[in-house]
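Trainee: Could you have a look at this structure, given as structure tokens, before my questions?
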Amino acid sequence: YSDCKRIWEIRNDERNRHFMTHTDPIPYAQHTRWFREYLKKHTLFLVLCDKKRVQGYVRFDAEGAGLVCAIAIDADARGQGLGTILLNGALVEYAKELSGKILLAEVKKDNQASMKLFLRAGFIRHAATKTHNIYRKYC
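In the numbering used here, the protein residues as written are 126 to 264.
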């Protein structure tokens with residue numbers, strides 16, 4: 126649970142919230158409750174640290190027959206390739222757990238960096254809504 130506050134900071138940063146499905150700030154107490162419950166039920170959660178500071182996270186949440194991938198990088202650390210390192214690292218780290226699964230990523234259409242990230246990681250553009258592109262990868 127030691128990363129709880131740092132993950133909350135990354136998730137709540139206004140520059141990151143803009144690209145998230147739920148853009149409202151989350152109170153720390155609410156995040157703490159969610160984080161503890163989440164980690165009890167889910168193991169597919171990976172953080173990326175640089176100099177003992179969390180710079181980003183990726184998680185895979187079960188939804189229907191697949192897993193939804195959520196990733197966030199500290200807004201001050203963008204443009205350094207950390208998203209690629211984190212996503213590719215998670216795909217390798219959890220290869221056994223992801224095997225045979227369909228991964229989905231819902232990316233806002235104005236988030237060019239994330240669209241490129243998922244394409245580089247082998248996802249394909251599967252569908253689109255008015256505001257989002259949906260990417261899919263078979264593992």
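Glycine included, every Cβ here is placed at the ideal spot set by N, Cα and C.
On a predicted model such as this, the values are computed, not experimentally measured, just so you know.
#1: Identify, in the order they occur along the chain, each residue of the same chain with its Cβ nearer than 6 Å to the Cβ of D138, setting aside the five sequence neighbours on each side.
#2: Using the Cα positions of G206 and L212, report the straight-line distance between them to the nearest angstrom.
#3: DSSP three-state label for Q155, please.
#4: Determine contact between the stretch 173 to 190 and the stretch 223 to 232, defined as no fewer than three beta-carbon pairs at a distance below 8 Å.
#5: Would you report the Cα separation of F185 and H257, rounded to the nearest angstrom?
#6: What is the DSSP secondary structure of F144, counted as helix, strand or coil?
Mentor: According to the structure shown:
#1: Excluding residues within five positions, the ones whose Cβ falls inside 6 Å are A200.
#2: Rounded to the nearest angstrom, the two C-alpha atoms are 10 Å apart.
#3: Here Q155 sits in helix by DSSP.
#4: The answer is yes - the stretch 223 to 232 touches the stretch 173 to 190, with three or more Cβ pairs under 8 Å.
#5: About 18 Å.
#6: Coil at F144, not helix or strand.
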